[in-house]
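Peer 1: Top line first, the protein sequences correspond to chains A and B.
Going by the UniProt record's numbering, the residue at position 155 of the first sequence is 155; the numbering climbs one at a time, nothing skipped.
Going by the UniProt record's numbering, the residue at position 60 of the second sequence is 60; the numbering climbs one at a time, nothing skipped.
Heads up, the beta-carbon is just placed ideally off N, CA and C, and yes, glycines get one too.
Predicted model, so just to flag it, every value in this text is computed and none were measured.
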Amino acid sequence: MRAASNVPPVTRRAQARLGIVLALPVAVVTAVFFVFPMVSALYYAVVDFDGLDPTPPFVGLSNFTEMFTDTATWHALGNNAIWIAIGTAAPMIIGLLTAVLIWSGRRGGPVYRVLFFLPFMLPGVAIGIVWGWMYDPVNGWINRVLGAVGLGGLSRGWLGDPDTAIFAVLATAIWATCGFVTMIILSALRNVDVELVDAARIDGANAGQRLWHVLLPQIMPVFLMVLTLTLVGGFSVFDIIFIMTGGGPADATEVLGTYAYSSAFQLNRISYGTVLALLITVLAVPFTIMLNRLQRRLSLQGMGA
Amino acid sequence: MVDVPVAASRGSESAGQETVRGRDVRRSGGLLARHLVLIAMAALTLFPVLLIVSTALKTPQDVRSNPFGLFTSFSLENLQSAWTVGRFSSYLLDSLLLSVPSTAVVIVISTMAGYTFARLPFPGRTVVFYLVVLGLLVPFFTYMIPLYFQLRSMGLLDSLVGANLVLISTNLSFGTFFMRAFFSDLPDELEQAARIDGASESRIFAQVMMPLVSSGAAALTVFTFLSNWNNFLVPLLYLPSGKYRPLTAGLYNFTGGRSMDIGPLAAGTLITIVPVIVIFVILQRQVTQGFISGAVKG
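Have a look at this one:
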């Protein structure tokens with residue numbers, strides 16, 4: 001592709017040969033461990049596989065019709081929706097404001113960046129364990145703090161109460177993702193034209209107006225990229241819920257990921273689990289593509305191309 | 001948490017209309033408020049991490065009587081029992097056996113493929129590239145269940161080789177994309193000059209171009225290692241018997257096992273996160289670069 005016109009044919013053939021050799025490993029691994037199981041997933045979706053039967057019966061679309069009439073699917077999907085809405089909006093808002101605070105705070109940027117980013121680096125299991133302690137009904141710090149400020153009446157077993165469990169896990173996830181958003185946005189803010197911000201200040205724009213009308217448009221491509229990543233992560237959330245509540249209490253925190261896992265590996269309904277997992281893909285991929293397009297268009301405009 | 005930063009930015013709101021001197025005073029006040037908010041948030045961020053450290057380093061009796069009191073005693077007993085009785089020494093070894101080989105292979109394959117997709121056109125390249133990119137779009141969930149049975153029929157279930165291969169494949173799309181961005185940024189003149197000097201295509205790759213992306217490869221190494229170290233789902237699914245068990249899976253198993261033994265559990269958690277924290281603090285530039293340039297350039 002690049003500068004193909006002024007490259008002599010001999011070179012082009014040598015390049016193609018080396019190119020094939022160098023791309024071979026990635027092609028093989030992708031074919032065996034990605035493409036092949038993807039195709040199998042489509043096959044599993046139209047049979048009724050229990051994990052043992054080498055020739056599972058063909059059932060057409062009945063796995064899909066079952067999925068759409070299964071109230072548990074809709075319940076899980078509803079939790080995914082809560083997760084996506086709050087689990088995207090909260091880190092985006094908190095992360096954006098934190099980044100702007102660090103950016104305008106002049107000093108200590110590197111230190112804050114390391115501190116805030118740390119939770120994002122920690123394994124989900126460790127996060128789940130320590131937040132389980134935070135939410136502990138008797139000794140947990142959340143209840144201790146509530147008691148100390150006179151709100152002891154609110155204290156409860158946060159993860160054991162079906163009304164609060166999903167939000168308790170969400171709060172943990174938000175704690176773990178905010179730093180990621182902060183760091184990416186902070187890196188984008190470095191390229192912002194400060195003179196525009198100062199000009200807006202002189203024209204009497206307040207902090208909110210400066211953020212909304214001056215800063216945000218300049219970092220829009222990066223903002224959308226982070227939005228895509230958090231949003232798509234919301235469809236395939238698994239680790240943190242599986243570790244903290246396992247989908248319980250009484251399915252209160254069940255999402256598509258945990259439902260697919262338990263269907264396949266605990267109830268041996270391999271095909272049904274596969275169909276549920278396919279639903280995650282069908283929901284997540286269009287979002288990714290759409291937002292990617294938008295982001296690309298904006299970043300091209302931004303560079304004046 | 002949400003309304004705090006709003007309150008802080010309000011402090012600097014009216015700054016615009018004051019006299020120059022008044023504005024300076026106001027703005028330094030705003031600056032102080034900003035840092036107070038940031039420090040409060042940093043405390044909230046760090047608190048759970050401190051809770052792990054404190055609980056792990058308490059005496060077992062203290063953990064029983066006051067499990068989550070901060071730094072009320074000091075002992076290495078919990079670490080000792082996690083290391084020996086809790087089998088965390090063998091979990092640590094398995095974590096290394098899963099993270100190191102897979103990371104090395106990811107870096108090698110991604111560098112090769114990244115170079116090809118950036119600079120070496122060949123027939124069919126676009127198709128292969130789109131399949132690799134597809135790996136970035138499709139969640140692991142989609143194919144994790146069929147992959148289990150595929151590994152079983154290949155005899156790779158419950159083996160380090162099988163789990164390593166899965167970790168490699170799940171990181172390859174990002175790695176290839178990432179390295180491709182670095183190779184694309186290199187100027188064509190370098191390549192042309194080397195070619196005029198009579199260098200073969202493979203020499204241009206190995207001796208001219210590859211050294212120039214070493215910072216990218218370093219960032220990718222750190223990033224991939226951490227993502228493999230932290231991976232939970234792959235050992236959970238593909239190492240089911242517990243013959244091999246990395247720290248993440250070991251920890252999870254520990255929470256499910258017998259009575260919740262908080263002291264050793266905290267110690268095990270500490271063993272799991274200390275390498276992550278050390279690597280991150282020392283190599284944070286590489287880690288963050290891994291995220292930023294990979295994501296932004298891609």
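1. The alpha helix (DSSP H) spanning residue 16/A covers which residue range?
2. Any beta carbon from chain B within less than 8 Å of residue 298/A's own beta carbon?
3. What's the C-alpha gap between residue 284/A and residue 263/A?
4. Quick check: the Cα distance between residue 32/A and residue 141/A, rounded to an integer number of angstroms?
5. Contact check, residue 233/B vs residue 148/B under 8 Å by CB: the rounded distance?
6. Go ahead and label residue 163/A buried or exposed: buried means 16 or more other beta carbons lie within 10 angstroms of its beta carbon, across all protein chains shown.
7. Express the C-alpha separation of residue 50/A and residue 122/A in angstroms, rounding to a whole number.
8. Go through its chain and collect everything with a Cβ distance to residue 298/A's Cβ below 6 Å, but skip five positions before and after it.
9. Can you list the alpha helix (DSSP H) stretches of 4 or more residues lying completely in the segment 217-276 of chain B, in chain order?
10. My assumption, with CB atoms under 8 Å, is that residue 70/B sits in contact with residue 54/B. Please give the rounded CB distance.
11. Rounded to the nearest angstrom, what separates residue 229/A and residue 272/B at their Cα positions?
12. If I follow the unbroken alpha helix (DSSP H) through residue 130/A, where does it start and stop?
13. Alpha carbon to alpha carbon, how far is residue 166/B from residue 292/A? Give it in angstroms, no decimals.
14. For the segment 92-105 of chain A against the segment 70-84 of chain A, are there 3 or more C-beta pairs whose distance is under 8 Å?
15. On the criterion of 16 or more Cβ atoms from any shown chain inside 10 Å, does residue 259/A qualify as buried, or is it exposed?
16. Confirm, please, whether the CB-CB distance from residue 239/B to residue 374/B is below 8 Å.
17. So who's on the other strand from residue 47/A, going by DSSP bridges?
18. Rounded to a whole number of angstroms, what is the C-alpha to C-alpha distance between residue 141/B and residue 74/B?
19. State buried or exposed for residue 58/B, treating a residue as buried only when at least 16 other CB atoms are found within 10 Å of its CB.
20. CB-CB under 8 Å to residue 287/A, same chain, minus the five flanking residues each way: which ones, in chain order?
21. For residue 61/A, which of 179/A, 52/A and 43/A has the nearest alpha-carbon?
22. Shortest alpha-carbon distance to residue 38/A belongs to which of 144/B, 243/B and 267/B?
23. Does the structure place the segment 214-224 of chain B close enough to the segment 173-185 of chain B that three or more beta carbon pairs sit under 8 Å?
24. How should residue 309/A be labelled, buried or exposed, when 16 other C-beta atoms within 10 angstroms of its C-beta is the threshold for buried?
25. Using a beta-carbon distance below 8 Å, is residue 24/B in contact with chain A?
26. Using the three-state DSSP reduction, which class does residue 254/A fall into: helix, strand or coil?
27. In three-state terms, what does DSSP make of residue 30/B?
28. Look at residue 100/A and residue 24/A and say whether their C-beta atoms are less than 8 Å apart.
29. Against residue 278/A, what residues of chain B qualify as contacts under a CB-to-CB distance less than 9 Å, listed in chain order?
30. Which chain A residues are close to residue 277/B, counting only those with a beta carbon under 9 Å from its beta carbon?
31. Residues in the same chain with beta-carbon distance under 6 Å from residue 117/A, minus the five sequence neighbours each way, listed in chain order, please.
32. Sort 77/B, 208/B, 263/B and 228/B by Cα distance to residue 92/B and report the nearest one.
33. So, under 8 Å CB-CB, residue 98/A and residue 210/B are touching, yes? Tell me the CB distance rounded to an integer number of Å.
34. With a cut-off of 8 Å, does the C-beta of residue 218/A fall near any C-beta of chain B?
35. Closer than 8 Å, CB to CB, is residue 106/A near chain B or not?
Peer 2: Concretely, from the data shown:
1. As a working mapping, residue 16/A is identified with position 16 in the first sequence. Run containing residue 16/A: 9-30, per the alpha helix (DSSP H) assignment.
2. Position 298 of the first sequence, counted from the first residue, corresponds to residue 298/A. With 8 Å as the cut-off, residue 298/A does not count as an interface residue toward chain B.
3. As a first step, residue 284/A must be located in the first sequence, where it is residue number 284. As a first step, residue 263/A must be located in the first sequence, where it is residue number 263. Answer to the nearest angstrom: the Cα atoms are 20 Å apart.
4. In the first sequence, residue 32/A corresponds to position 32, counting from 1. In the first sequence, residue 141/A corresponds to position 141, counting from 1. Distance between the alpha carbons of residue 32/A and residue 141/A is about 48 Å.
5. As a first step, residue 233/B is located in the second sequence; it is residue number 233 there, counting from the start. As a first step, residue 148/B is located in the second sequence; it is residue number 148 there, counting from the start. Incorrect: roughly 11 Å between the Cβ atoms, too far for contact.
6. As a position in the first sequence, residue 163/A is number 163, starting the count at 1. Exposed.
7. For this step, residue 122/A is matched to residue 122 along the first sequence. For this step, residue 50/A is matched to residue 50 along the first sequence. Residue 122/A and residue 50/A: Cα-Cα distance of roughly 36 Å.
8. Numbered from 1 along the first sequence, position 298 holds the residue referred to as residue 298/A. Result list for residue 298/A: 220 and 221, in chain order.
9. 233-238 and 247-256
10. Residue numbering aside, residue 70/B sits at position 70 when the second sequence is read from its first letter. Residue numbering aside, residue 54/B sits at position 54 when the second sequence is read from its first letter. Confirmed, about 5 Å.
11. Within the first sequence, the letter at position 229 stands for residue 229/A. Within the second sequence, the letter at position 272 stands for residue 272/B. Cα to Cα, residue 229/A sits roughly 26 Å from residue 272/B.
12. Translated into positions along the first sequence, residue 130/A becomes position 130. Run containing residue 130/A: 124-134, per the alpha helix (DSSP H) assignment.
13. Within the first sequence, numbered from 1, the residue matching residue 292/A stands at position 292. Within the second sequence, numbered from 1, the residue matching residue 166/B stands at position 166. Distance between the alpha carbons of residue 292/A and residue 166/B is about 27 Å.
14. no
15. Here residue 259/A is taken as the residue at index 259 of the first sequence, counted from 1. Looking at its Cβ environment, which holds 16 or more other Cβ atoms inside 10 Å, residue 259/A is buried.
16. The structure shown does not extend to residue 374/B, since chain B spans only 1 to 298, so no value can be given for it.
17. Position 47 of the first sequence, counted from the first residue, corresponds to residue 47/A. According to DSSP, residue 47/A bridges with 58/A.
18. Reading the second sequence from its first residue, position 141 is the one you call residue 141/B. Reading the second sequence from its first residue, position 74 is the one you call residue 74/B. Going by the C-alpha atoms only, they are around 43 Å apart.
19. Residue mapping note: residue 58/B aligns to position 58 of the second sequence, counting from 1. The residue is buried, with at least 16 neighbouring Cβ atoms inside 10 Å.
20. Residue mapping note: residue 287/A aligns to position 287 of the first sequence, counting from 1. Excluding residues within five positions, the ones whose Cβ falls inside 8 Å are 228, 231, 232 and 235.
21. Position 61 of the first sequence, counting from 1, holds the residue named residue 61/A. Nearest C-alpha to residue 61/A: 43/A.
22. For the purposes of this step, residue 38/A is taken as the residue at position 38 of the first sequence. Among 144/B, 243/B and 267/B, the Cα nearest to that of residue 38/A belongs to 144/B.
23. yes
24. This structure leaves residue 309/A out entirely; chain A is present only between 1 and 305.
25. The sequence position of residue 24/B within the second sequence is 24, counting from 1. Note that residue 24/B scores a pLDDT of 48, beneath 50, so its modelled location is shaky and nothing firm can be said.
26. If you number the first sequence from 1, residue 254/A lands on position 254. Coil.
27. Against the second sequence, residue 30/B aligns to sequence position 30. If DSSP states are grouped into helix, strand and coil, residue 30/B belongs with the helices.
28. Counted from its first residue, the first sequence places residue 100/A at position 100. Counted from its first residue, the first sequence places residue 24/A at position 24. No, they are not a contact pair.
29. Here residue 278/A refers to the residue found at position 278 of the first sequence. Here the neighbours are 141 and 142.
30. Position 277 of the second sequence, counted from the first residue, corresponds to residue 277/B. Think of a sphere of 9 Å around the beta carbon of residue 277/B: the chain A residues whose beta carbon falls inside it are 118, 121 and 122, in chain order.
31. Position 117 of the first sequence, counting from 1, holds the residue named residue 117/A. Hits under 6 Å: 179 and 183.
32. Residue 92/B sits at position 92 when you count from the first residue of the second sequence. Residue 92/B has its Cα closest to that of 228/B, out of 77/B, 208/B, 263/B and 228/B.
33. Your numbering for residue 98/A matches position 98 in the first sequence. Your numbering for residue 210/B matches position 210 in the second sequence. 38 Å between Cβ atoms; not a contact.
34. To locate residue 218/A, count along the first sequence from 1; it is residue 218. Cβ-Cβ to chain B under 8 Å: no for residue 218/A.
35. Here residue 106/A refers to the residue found at position 106 of the first sequence. Answer yes: the Cβ-Cβ gap between residue 106/A and chain B drops below 8 Å somewhere.
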